[in-house]
Amino acid sequence: MEYANILVEVQGKVGLIRLNRPKALNALNDELMDELGIALQKFDADEAIGCIVLTGSEKAFAAGADIGAMAGYSYMDAYKGDYITRNWEQIRRIRKPVIAAVAGYALGGGCELAMMCDFIIAADSAKFGQPEIKLGTIPGAGGTQRLPRAVSKAKAMDLCLTARMMDAAEAERAGLVSRIVAADKLIDEAIAAATVIAGMSLPIVMMVKESINRAYESTLAEGVQFERRLFHSTFGTEDQKEGMRAFIEKRPPNFANK
Ligand code: HXC
Numbered sequence: 001m002e003y004a005n006i007l008v009e010v011q012g013k014v015g016l017i018r019l020n021r022p023k024a025l026n027a028l029n030d031e032l033m034d035e036l037g038i039a040l041q042k043f044d045a046d047e048a049i050g051c052i053v054l055t056g057s058e059k060a061f062a063a064g065a066d067i068g069a070m071a072g073y074s075y076m077d078a079y080k081g082d083y084i085t086r087n088w089e090q091i092r093r094i095r096k097p098v099i100a101a102v103a104g105y106a107l108g109g110g111c112e113l114a115m116m117c118d119f120i121i122a123a124d125s126a127k128f129g130q131p132e133i134k135l136g137t138i139p140g141a142g143g144t145q146r147l148p149r150a151v152s153k154a155k156a157m158d159l160c161l162t163a164r165m166m167d168a169a170e171a172e173r174a175g176l177v178s179r180i181v182a183a184d185k186l187i188d189e190a191i192a193a194a195t196v197i198a199g200m201s202l203p204i205v206m207m208v209k210e211s212i213n214r215a216y217e218s219t220l221a222e223g224v225q226f227e228r229r230l231f232h233s234t235f236g237t238e239d240q241k242e243g244m245r246a247f248i249e250k251r252p253p254n255f256a257n258k
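Quick note on numbering: the sequence shown equals residues 1 to 258 in the working numbering.
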């Protein structure tokens with residue numbers, strides 16, 4: 001399929017999606033988000049893909065929702081039409097891991113999109129922020145919800161209320177990003193991490209993702225119970241047999257993804 005706002009390629013078992021509206025710093029409009037949703041679903045359904053990387057350009061992961069597109073909306077456009085936000089949660093329905101590789105600006109909806117991914121690898125050039133307050137609006141795709149869970153109430157309040165940007169080092173200290181790499185190594189590092197994941201047993205990878213996400217949606221006792229049930233179920237897979245046999249036989253595992 002031809003996309004107008006994203007670029008899609010495959011590297012080994014990794015699906016790579018690049019946001020591609022360079023003139024608007026990858027501002028996110030409905031067309032782009034529709035295409036992103038389709039591309040993510042296609043990779044999720046593709047047996048040859050084990051992990052997905054989502055990235056932008058050197059200058060911007062995404063500078064937010066498209067301000068020009070939404071500036072004139074009425075309340076009815078926003079609420080009834082559900083413009084801008086209508087398909088943003090699509091990415092949460094993807095069962096394979098999605099890594100955000102962030103260079104440059106990840107602002108507003110761009111920061112929110114990165115936070116919807118399973119983890120963020122940041123270039124040293126990355127800048128994160130929720131500057132919606134300067135536009136007379138508030139974050140609309142999880143900025144006030146995922147950011148405090150990812151960093152802390154204090155830092156989320158600071159960023160959302162002052163609209164200041166946080167650099168990669170501060171984002172790593174705060175726990176928003178899992179690692180920082182030199183900007184020119186970002187894609188290589190993200191693909192390498194995704195390749196490691198894609199070499200694991202896919203059903204087990206999906207269980208890990210599902211279980212960690214459950215930590216955000218349940219009490220600790222419920223989450224631990226959920227994890228235990230999944231843990232028990234791994235013993236019904238061929239890949240658990242292969243993984244443990246390979247360890248005992250001192251050789252690398254060869255997972256059948258069953
Ligand atoms: C539309 C945008 C844009 C955006 C940048 N551009 N961000 N267009 N929506 N969010 C466009 C500019 O208009 C400009 O187009 C071109 O991209 C380059 O941007 P400049 O501002 O000239 O670049 P620079 O001076 O380097 O500044 C970069 C920047 C700034 C600091 C990132 O562009 C900026 O502050 N952007 C807005 C960030 C923001 O407020 N994001 C939150 C949006 S609200 P032209 O045609 O002039 O060259 C949001 C709500 C989320 O995200 C709701 C979720 C559903």
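Note that beta-carbon positions come from the ideal geometry of N, C-alpha and C, so glycine has one too.
- Item | Helix, strand or coil at Gln-11 according to DSSP, with G and I counted as helix | strand
- Between which two residues does the alpha helix (DSSP H) containing Val-208 stretch? 202–214
- Query: For ligand 1, any of its heavy atoms closer than 6 Å to the Cβ of Thr-219?
  - Reply: no
- Item | Heavy atom of ligand 1 within 6 Å of Tyr-83 beta-carbon | no
- Task: Determine the DSSP secondary structure at Lys-165, reduced to helix, strand or coil.
- Result: Note that residue 165 is Met in the sequence shown, not Lys. Looking at Met-165 - three-state DSSP - the assignment turns out to be coil, as it is neither helix nor strand.
- Item | Residue burial classification, Thr-55 (beta-carbon count within 10 angstroms, cutoff 16) | buried
- Compute the minimum distance between the beta carbon of Glu-2 and the heavy atoms of ligand 1, and state whether it is under 6 Å. no
- With Cys-51 as the anchor, note down where its beta strand (DSSP E) starts and where it stops. Looking at the DSSP string, the run of the beta strand (DSSP E) that includes Cys-51 is 51–55.
- Identify the residues that DSSP records as bridge partners of Ile-191: which are they? DSSP, once it has assigned bridges, lists no residue as partnering Ile-191.
- Message: Does the beta-carbon of Glu-132, which I'm using as the reference point, lie nearer than 6 Å to any heavy atom of ligand 1?
- Response: Yes; taking the cut-off as 6 Å, the Cβ of Glu-132 has a heavy atom of ligand 1 nearer than that.
- Could you tell me which uninterrupted beta strand (DSSP E) segments, each at least 3 residues in length, are contained entirely in the stretch 87–155, listed from first to last along the chain? 98–102, 105–107, 119–123, 127–129
- Message: Using 8 Å for Cβ pairs, my map puts Pro-97 next to Lys-209. What's the rounded Cβ distance?
- Response: 6 Å
- Item | Cβ-based neighbour list, Gly-175, same chain, cut-off 7 Å, excluding 5 preceding and 5 following | Ala-150, Val-151
- Item | Ile-6 - DSSP class collapsed to helix/strand/coil | strand
- Helix, strand or coil for Ala-60 per DSSP? strand
- Message: If I measure Cβ to Cβ from Leu-147 and keep anything under 6 Å in the same chain, skipping five residues before and after, which residues do I get?
- Response: Ala-156
- Hey, would you say Ala-169 sits closer than 7 Å to Ile-121, going by beta carbons? By the CB criterion at 7 Å, Ala-169 and Ile-121 fall outside the cutoff.
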